[in-house]
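FYI, the numbering for the sequence shown is 7 to 354, going by my numbering.
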Amino acid sequence: MKIIIDAMGSDKGPDELIRGAISARDAFSLQLILVGDEAVIQESIRKQGLSDKDTEICHAPDVISMEDAPMSIRERPDSSMRTCFRLLKEGAGDAFVGAGNTGAMHVGSTLYLRRIKGVRRSALAALLPGTKPVLLIDSGANIQVTEEFLLQFALMGSCYMKKIHSIDSPRVGLLNNGAEDHKGTPLYVNAHRLLTTLPGIQFIGNVEGKDIPYNVCDVLVCDGFTGNVALKTLEGTAGFVMRQVKAAIGASFSSNLGGLLMKKQLYALRKRFDASEYGGAPFLGIAHPVIKAHGSSDANAFFHAVRQAVSYVKTDIVGDIEQAIAAAEDDLARAAEMAKEAGKADRG
Numbered sequence: 007m008k009i010i011i012d013a014m015g016s017d018k019g020p021d022e023l024i025r026g027a028i029s030a031r032d033a034f035s036l037q038l039i040l041v042g043d044e045a046v047i048q049e050s051i052r053k054q055g056l057s058d059k060d061t062e063i064c065h066a067p068d069v070i071s072m073e074d075a076p077m078s079i080r081e082r083p084d085s086s087m088r089t090c091f092r093l094l095k096e097g098a099g100d101a102f103v104g105a106g107n108t109g110a111m112h113v114g115s116t117l118y119l120r121r122i123k124g125v126r127r128s129a130l131a132a133l134l135p136g137t138k139p140v141l142l143i144d145s146g147a148n149i150q151v152t153e154e155f156l157l158q159f160a161l162m163g164s165c166y167m168k169k170i171h172s173i174d175s176p177r178v179g180l181l182n183n184g185a186e187d188h189k190g191t192p193l194y195v196n197a198h199r200l201l202t203t204l205p206g207i208q209f210i211g212n213v214e215g216k217d218i219p220y221n222v223c224d225v226l227v228c229d230g231f232t233g234n235v236a237l238k239t240l241e242g243t244a245g246f247v248m249r250q251v252k253a254a255i256g257a258s259f260s261s262n263l264g265g266l267l268m269k270k271q272l273y274a275l276r277k278r279f280d281a282s283e284y285g286g287a288p289f290l291g292i293a294h295p296v297i298k299a300h301g302s303s304d305a306n307a308f309f310h311a312v313r314q315a316v317s318y319v320k321t322d323i324v325g326d327i328e329q330a331i332a333a334a335e336d337d338l339a340r341a342a343e344m345a346k347e348a349g350k351a352d353r354g
């Protein structure tokens, strides 16, 4: 298996990405294509004392930064990200993993790679830490959605959790501001009603933000704006709580002793709520595996992002999603019509 890596564009620079990718190469017997400034990549490998076995370097002199507009990828053919999409489309590798600009990666995956038949919008699917992982879809790709998009997100998320996490019948929730059926905007009220009748999923109803960590569902559906706010809020809260625990342990001799006695349990707790352990987030709905790692990924986080790509390639998630979308064709068409009528009402 060959994985295409965008070695540029992350918040921490290429060293962490390259080290994480090479660790994954050795752990999973992979081949790599590292894309970016050739001299920078070679120097990073040399100074970190890494092996370049089973590793190609594809020179791409330009870099799309986090500050660049998503559509800038159209005018940047020599950028590392655009080059990764080209290589994947040409069949040079089996998956693409990057930690760069999320918007540009979403636009690029849509423009340069084929969507799965029947899928209207791809979505970013991130695993949230908790008592058990929850797949949040969409977590940042689509700011504006329709009922049809939300239904498709539910289907795609269910397929992913079945294949990757071996959950026979994933529970699907709709992220909302209340548990009652009538809560939320008209879009979410309509989506709730349609989700109750959608074949192929186990819909449990609305889920409030406070219930996300308590394993009330396996797939959590929302628009990308809401999802991204929820994702970053949970990440920030988890980090804050762990720092407070660490400070409390170091506050006195007795608390230090207690920390030593609970070292194993505290390590397990930190690992459970460490988002880096879950790796990257796939763009579900694209016919090729594209995995988005966090922009601030260290080597460990990027290692797990590559691991996600390996799992994606080994399973037929694309085929399962295509079948699920086809089976729900009539329901999805009804949702599309509802979105059309709602739009007319808003304009009129």
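From the three backbone atoms N, C-alpha and C, an ideal C-beta is built for every residue, glycine too.
Within the segment 179–231, the runs of alpha helix (DSSP H) that reach at least 4 residues and sit entirely inside it are, in chain order, 192–201. Using a 10 angstroms sphere on the CB of E343, the tally of other CB atoms stays under 16, which defines it as exposed. Taking the Cα positions, K123 is about 44 Å away from R52. Taking T321 as the centre and dropping the five residues before and after it, the same chain places the C-beta of K169, I170 closer than 8 Å to its C-beta, in chain order. Of the candidates L338, V312, L161, the residue whose Cα lies closest to the Cα of I10 is V312. Approximately 5 Å separates the beta-carbon atoms of L23 and A13; this is inside 8 Å, confirming the contact. In this model, D17 and L93 are separated by some 23 Å (Cα to Cα). Nearest C-alpha to L201 among D32, L338, L36: L338. In the DSSP annotation of this structure, the continuous segment of the beta strand (DSSP E) that includes E62 starts and ends at 61–65. Cβ-Cβ distances below 6 Å link H294 to L94, L119 in the same chain, with the five nearest sequence neighbours on each side left out; the list follows chain order. Counting only runs of at least 3 residues, the segment 13–70 fully encloses the following beta strand (DSSP E) elements, listed from N- to C-terminal order: 37–42, 61–65. Given a length threshold of 4 residues, each whole run of the alpha helix (DSSP H) inside the segment 300–346 is given here in chain order: 305–320, 323–333. A residue is called buried when at least 16 other Cβ atoms come within 10 angstroms of its Cβ; I47 meets this threshold and is buried.
The closest CA to that of D217, considering only P139, D326, I331, G97, is found on P139.
Inclusion of A334 and N196 in the CB contact set at 9 Å is not warranted, their separation being larger than that value. Look at the beta carbons and you see the segment 68–76 touching the segment 100–120: at least three pairs across the two are nearer than 8 Å. Inter-residue distance for L237 and L134 is about 7 Å (C-alpha atoms, whole angstroms). By the neighbour-count definition (other C-beta atoms within 10 Å, threshold 16), A299 is a buried residue. A residue is called buried once 16 or more other Cβ atoms fall within 10 Å of its Cβ, and G184, having fewer, is exposed. The three-state reading of DSSP puts V125 in coil, since its state is none of H, G, I, E or B.
Taken atom to atom, the span from the alpha-carbon of F289 to that of R249 is near 31 Å.
In the structure shown, V296 adopts extended strand secondary structure according to DSSP, grouped into three states. Per the coordinates, the alpha-carbon of S172 lies some 10 Å from the alpha-carbon of C165. The C-beta of Y220 has fewer than 16 other C-beta atoms within 10 Å across all chains shown, which makes the residue exposed. When the Cα atoms are used, Q54 and R25 turn out to be separated by approximately 8 Å.
By the CB criterion at 9 Å, N148 and D187 fall outside the cutoff. By a beta-carbon distance limit of 8 Å, R121 does not contact G286. Their separation comes to about 19 Å.
Between the beta-carbon of L156 and that of V225 there is about 11 Å, and that puts the pair past the 8 Å contact cut. Assignment of A147 by DSSP, reduced to helix, strand and coil, places it in the coil class. Around the beta carbon of T232, a 10 Å sphere encloses 16 or more other beta carbons of the protein chains shown; the residue is thus reported as buried.
About 7 Å separates the beta carbons of A110 and D74, which is inside the 8 Å limit, making them a contact pair.
For A287, the enclosing beta strand (DSSP E) has its first and last residue at 287–290.
As DSSP reads the structure, R177 sits in a beta bridge with Q208. Under the DSSP assignment, G104 falls in the beta strand (DSSP E) whose first and last residues are 101–104.
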